[in-house]
Amino acid sequence: MIKFLLFSLSFSHVFSIVASQALPSYSGRNGEWQLLHESVGISAMHMQLLHNNKVIIFDRTDFGPSNLSLPNGICRVDSSDTMLQTDCTAHSILYDIVTNGFRPLMIQTDTWCSSGAVLPNGTLVQTGGYNDGDRNIRSFTPCNDDEYCNWIEFPQSLIRRRWYASNQVLPDGRIIIVGGRRQFNYEFYPSSWNGVIFLDFLMETNDQGLENNLYPFLHLLPDGNLFIFSNTRSILLDYNQNMVLKEFPKIPGDDPRNYPSSGSSVLLPLDENDAIIEPEIMVCGGAPRDSFIQAMQGIFIRATSTCGRLKVSVPNPSWTMEDMPMARVMGDMILLPTGDVLIINGAELGTAGWELGRGPVTRPIIYRPSDDVSNWRFSVMSPSPRPRMYHSSALLLTDGRILVSGSNPHVYYNFTNVEYPTDLSMESFSPPYLSPEYDPIRPRILSADEKMGYGGKLFWLSFQVQAYLTVNVLSVTIVAPSFATHSFSMNQRMVLLKIAGVTDIAPSTYNLVVAGPSTAEIAPPGYYMLFVVHAHVPSYGRWVKIG
């Protein structure tokens, strides 16, 4: 495999673009918004949190110049680029959540609507894109602040073009790459001996002329098989034997949930305290089947307002449906450290695609899956002052905030004379659990082991909390950092660990012993954010390597 390092920059430019205090915040009764940067120079089509508390962000390259120059007069030269063969601007940045600074990175070929996953060693593997980048793999390995790291590109390393595909890390550390435009198949990274495997299901769920099967929702289940949701249908795939083991009932309503009718999905938290772990999938939002065609004609149909939950391991699975407080397409579903689900960004009318969304939904909602079904499980949060429409992204940070950036519903960057201008700003949303009023019951991790093993091996940490209540309201969660794009957070998962003991060692200070995840199918190897949660209030996260 041929590889080349894109370029090297001097340290004088490392995080020299901005390293400043955040701008004033916009607060409300339920959660708080804070503007971090008026502009980071690019629109955040894709985001991935890394285990050194930096976020890699990138857009596409084929629309012309961005608003952020590459340093030292460096330019990207690509004779195959459809817009600008010599481009001296950046289309990727590395954001530091501690300093609030960022620096430009360089991508050589087009990453438009691509996918990614993080290897067990912490390296981000990005797959595919468009044009001369559609079969390329790119990697980014985190480095220390006194070092310099950038994208490394591996040309023509995918067997098939991957544009609008989805990725999932597997228990053995490999990555499965599923689907993409006109790709009714899957392959693995590293490549396997059997190459590309055809999957009828992806062709069957392709609406002619509409698709609605792109960016399929992938969730690794505790039995090691892969749940795949596309359009309105879902299957259980044994990717080792290349066999579809089961097809589940269609989600009620016949409204597609995948791109361009972009809903979102999560695997609800897996609880190691349960005698038998029953995985449950949740899918929310989307758009009616003809929304794309109608929007192309200037008619913007109301998006889907329903969520469905499916327990996939019970003998006769069936969807349980609930209504959100508002309709939403292009929303992002994010697992919070508490086990709740945040739904953020998106629109109330239309669908994904250039100029095809209207009615921005600026209010996030929080869904509490553990509440009794007879209760209203949704809570409406404070609105953002900025619409986050097509090509926006959001992800969970280690301090419990949600990083939100991007929004570009246009073919090019367009800031004037349009209803929803391209937005290059960056915000954070602080859920209610970060309110200072909860500080007395907020745990603070003092120390923790850096590695965690499988098979229930014991793991030690210590924490402080001013007003400790009881072990009955104490939990420890691990959260895998996700690759966020196009309303789906790939590889997102949360596991509640089993508490083996709590010991009072000093005033307001405690030792906590937990059992590690039972198998790699429960928690694939890699870096996770670990949180101590006390009375539904989480600590700041601490990185731990599993496996």
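Taken in order, the sequence shown gives residues 1 to 547; the numbers are from this note's numbering. Each residue gets a CB set at the ideal place from its N, CA and C atoms; glycine is no exception. This one's a predicted model, so the numbers in the text were calculated from it and none came from an experiment.
How big is the Cα-Cα spacing for residue i and residue j?
i      : j      : result
Ile74  : Ala90  : 10 Å
Gln21  : Asp172 : With a pLDDT of 42 at Gln21, under the threshold of 50, the modelled position of this residue cannot be trusted; read the value that follows with caution. The straight-line gap from Cα to Cα measures roughly 41 Å.
Phe63  : Tyr468 : 54 Å
Pro517 : Leu474 : 17 Å
Cys149 : Thr509 : 39 Å
Met45  : Trp112 : 8 Å
Pro104 : Pro315 : 51 Å
Ala484 : Val125 : 13 Å
Asn345 : Thr362 : 6 Å
Pro432 : Tyr412 : 36 Å
Ser487 : Phe229 : 14 Å
Trp376 : Gln466 : 31 Å
Glu437 : Tyr239 : 48 Å
Pro538 : Asn194 : 44 Å
Asn136 : Ile499 : 44 Å
For the putative contact between residue i and residue j, defined by C-beta atoms under 8 Å, what is the C-beta separation to the nearest angstrom?
i      : j      : result
Ile445 : Leu396 : With a Cβ gap of about 17 Å, Ile445 and Leu396 do not count as contacting.
Ile365 : Asp340 : That belief does not hold up - the Cβ atoms of Ile365 and Asp340 are roughly 10 Å apart, past 8 Å.
Pro409 : Pro120 : Not confirmed; about 36 Å, so no contact.
Thr304 : Asp323 : Wrong, their Cβ atoms sit about 10 Å apart, outside the cutoff.
Thr338 : His536 : 5 Å
Gly541 : Thr398 : 4 Å
Leu434 : Arg386 : Leu434 to Arg386, Cβ: 20 Å. No contact.
Val55  : Ile97  : 6 Å
Arg309 : Trp319 : 7 Å
Met389 : Pro421 : Going by Cβ atoms, the distance from Met389 to Pro421 rounds to 10 Å, so no, they are not a contact pair.
Arg289 : Asp207 : 7 Å
Please state the DSSP three-state secondary structure of residue i.
i      : result
Phe63  : coil
Glu450 : coil
Leu158 : coil
Pro440 : helix
Tyr95  : strand
Glu147 : coil
Asn72  : helix
Tyr527 : strand
Ala548 : For the chain, the structure presents residues 1 to 547; residue 548 sits outside this window and is missing.
Asn30  : coil
Tyr390 : coil
Phe300 : coil
Asn167 : strand
Glu204 : helix
Pro360 : strand
Leu23  : In this prediction, Leu23 scores a pLDDT of 43, lower than 50, which makes its location untrustworthy; the coordinate-derived value is nonetheless stated afterwards. Coil at Leu23, not helix or strand.
Leu84  : coil
Gly133 : helix
Pro432 : helix
Asn213 : coil
Val533 : strand
Check this for me: beta carbons of residue i and residue j, under 8 Å apart or not?
i      : j      : result
Ala295 : Met330 : no
Glu187 : Ile159 : yes
Ser43  : Leu424 : yes
Asn212 : Ser261 : yes
Asp134 : Ser80  : no
Leu530 : Asn273 : no
Asp332 : Gly286 : no
Leu226 : Leu237 : yes
Val118 : Gln34  : no
Val380 : Asn30  : yes
Val40  : Phe140 : no
Ser392 : Ser374 : no
Asn242 : Ile175 : no
Gly456 : Ala515 : yes
Leu68  : Glu427 : no
Met490 : Leu218 : yes
Phe378 : Val404 : no
For residue i, which residues from the same chain have a beta carbon less than 7 Å from its beta carbon, with the 5 sequence-adjacent residues on both sides left out?
i      : result
Tyr528 : Ile478, Val479, Ala480, Val544 and Ile546
Gln492 : Val266, Leu335, Ala480 and Ser482
Pro222 : Leu270, Ile277, Pro279, Glu521 and Ile522
Leu199 : Phe184, Asn185 and Tyr186
Leu268 : Glu280, Met282 and Pro369
Apart from the five residues on each side of it in sequence, which residues of its chain come closer than 8 Å, Cβ to Cβ, to residue i?
i      : result
Asp449 : Phe459, Trp460, Leu461 and Val544
Ile177 : Ser115, Thr127, Gly128, Leu158, Arg162, Ala165, Ser166, Asn167, Tyr186, Glu187, Phe188 and Tyr189
Met83  : Asp62, Phe63 and Gly64
Once you ignore the five residues that flank residue i on each side, which residues in its own chain have a CB closer than 6 Å to its CB?
i      : result
Gly179 : Ala165, Leu202 and Pro216
Val471 : Val502
Phe248 : Ser234 and Pro317
Leu356 : Ala295 and Gly350
Ser384 : Trp33 and Thr362
Taking 7 Å as the cut-off, is the C-beta of residue i nearer than that to any heavy atom in the ligand SAH?
i      : result
Gly350 : The model depicted lacks the ligand SAH and carries no ligand whatsoever.
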